[in-house]
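Its first residue numbered 0, the sequence shown is counted upward by one per residue in the numbering used here.
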Amino acid sequence: MFVPCRDYTASLEGYRIIFPCVSVGNVPQLAVDLIINTLRLSRAGYLRHPGLLPLVGNDAFDHLKSPGHLHLSTEVYCSHELKLAVIQMRVPLAKGYQKVFVEDLLTWVRDVRALDLVVLTSSDAAERRDSQILGRPLRFMVNQLSLPLYDHFANNLKWCSLEPRGGIATGSMTGSGEAQMKLLSDEEMFLPCAGIAKRLHLMSTQWDVKQVTLIAFCSQGDNIADSIGLASYLNEWLHLQENSVSPGWACPKSWGLMYGGASPDNLF
Numbered sequence: 000m001f002v003p004c005r006d007y008t009a010s011l012e013g014y015r016i017i018f019p020c021v022s023v024g025n026v027p028q029l030a031v032d033l034i035i036n037t038l039r040l041s042r043a044g045y046l047r048h049p050g051l052l053p054l055v056g057n058d059a060f061d062h063l064k065s066p067g068h069l070h071l072s073t074e075v076y077c078s079h080e081l082k083l084a085v086i087q088m089r090v091p092l093a094k095g096y097q098k099v100f101v102e103d104l105l106t107w108v109r110d111v112r113a114l115d116l117v118v119l120t121s122s123d124a125a126e127r128r129d130s131q132i133l134g135r136p137l138r139f140m141v142n143q144l145s146l147p148l149y150d151h152f153a154n155n156l157k158w159c160s161l162e163p164r165g166g167i168a169t170g171s172m173t174g175s176g177e178a179q180m181k182l183l184s185d186e187e188m189f190l191p192c193a194g195i196a197k198r199l200h201l202m203s204t205q206w207d208v209k210q211v212t213l214i215a216f217c218s219q220g221d222n223i224a225d226s227i228g229l230a231s232y233l234n235e236w237l238h239l240q241e242n243s244v245s246p247g248w249a250c251p252k253s254w255g256l257m258y259g260g261a262s263p264d265n266l267f
């Protein structure tokens, strides 16, 4: 599944892998753009899979100086100092390939002996419950293998876990005896427009992969602010910006034409 660059020979054992689901507003993709551009990550390779639609573009990031630098649909960027691997997935999956792609991705993460998998996704803000409208539009989930992180997120970082549909918020629950209250079942997990996030989360324990899922509620439109919010949410946990060469998030120049160029003056 992973095809390394010719000059890449390092192992991903012990690395934390960040994966963005293709979801509403492409917020995870924009957040990953910020991470790659800010940390100046180097490209390690790309993912090859029959479910990935073809795509090619150029000059996505500022620190890749060679003009005409080509980018593919799903690439892997790494920092050996941070032991961090960041996947940038720019395309949706072909119809009928969701299950097999999730299985193959989890198999790869397990086989390289990664530390864990951090999934970024977004969910339709119009489908929020009343209690989710108040406060930050961000939530987290952990799987069975990542339960030790739950109390750190809920108590130290003051994050709120994703509420079960029709249930109560679990962000303030503590104690190992309430582990079952911290894990959502298939029926309780409501993530509209979140891509493969739900399937990844439910299958990760079976594949023996530690997984944390971070969720941003948003709508389609100008989602730059949402992506900065999701990247900053992740940064509260991993402190990624401490390793950047400049303060704050560095937006890549490729974002300049995200919504097209300016309207011609003679149009009006």
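In this text, a Cβ means the ideal position worked out from N, Cα and C, and glycines have one as well.
Tell me where the beta strand (DSSP E) around residue i begins and ends.
i	result
Arg42	Ser41 to Leu46
Thr8	Unbroken run through Thr8: none, as it is neither H nor E.
Val55	Val55 to Asn57
Pro19	Arg15 to Pro19
Glu74	Thr73 to Ser78
Considering only the beta carbon of each residue, do residue i and residue j sit closer than 8 Å?
i	j	result
Arg109	Val26	no
Leu52	Ser72	yes
Ser224	Trp248	With the sequence shown as reference, residue 224 is identified as Ala, and Ser is not the correct amino acid for it. Not closer than 8 Å, so no.
Gln97	Gln28	no
Glu15	Asp123	In the sequence as displayed, the identity of residue 15 is Arg instead of Glu. Their beta carbons are not under 8 Å apart, which means Arg15 does not touch Asp123 by this criterion.
Glu162	Ser130	yes
Ser226	Ala30	yes
His79	Gly56	no
Val75	Phe152	no
Leu156	Trp236	yes
Arg164	Val101	no
Gly228	Leu137	yes
Cys20	Gly134	no
Under 7 Å Cβ to Cβ from residue i, same chain only, skipping five residues before and after it: list those, please.
i	result
Thr212	Val118, Thr120, Phe139, Met140, Ala196 and His200
Glu12	Val111 and Arg112
Leu81	Asn242
Gln143	Leu182 and Thr204
Tyr45	Val2, Leu71, Thr73, Glu74 and Val75
Tyr7	Ala43 and Gly44
For residue i, which residues in the same chain have their Cβ closer than 8 Å to its Cβ, ignoring the five residues on either side in sequence?
i	result
Ile167	Because the pLDDT of Ile167 is 48, which lies under 50, any placement of that residue in the model is unreliable, and the question is left without a value.
Ile34	Ile17, Leu40, Val85, Ala230, Leu233 and Leu239
Gly67	Asn57 and Asp58
Ser22	Thr120, Ser121, Ser122, Cys192, Ala193, Gly194 and Ala196
Pull up the CB-CB distance for residue i and residue j, whole angstroms please, since I reckon it's below 8 Å.
i	j	result
Ala43	Pro3	6 Å
Arg89	Phe216	Wrong, their Cβ atoms sit about 22 Å apart, outside the cutoff.
Gly24	Asn222	4 Å
Trp272	Leu105	Residue 272 is absent from the model: the chain starts at 0 and stops at 267.
Among residues of its own chain, excluding the 5 on either side of residue i, which ones have a beta-carbon nearer than 6 Å to its beta-carbon?
i	result
Asp32	Pro251
Arg5	none
Arg47	Val2
Should residue i be listed as close to the ligand MG, given that the test is whether its C-beta is under 7 Å from any heavy atom?
i	result
Gln240	Absence of the ligand MG from the depicted structure is noted, as is the absence of any ligand whatsoever, leaving it without description.
For the alpha helix (DSSP H) that residue i lies in, which residues bound it at each end?
i	result
Leu29	Val26 to Leu38
With a floor of 3 residues, list each beta strand (DSSP E) that falls wholly inside the region 84 to 163, ordered by position along the chain. 115 to 123 and 137 to 141
Exercise. Let me know the alpha helix (DSSP H) ranges lying completely inside the region 177 to 231, each 4 residues or longer, listed in chain order.
Key: List check, alpha helix (DSSP H) in window: 178 to 181 and 196 to 203.
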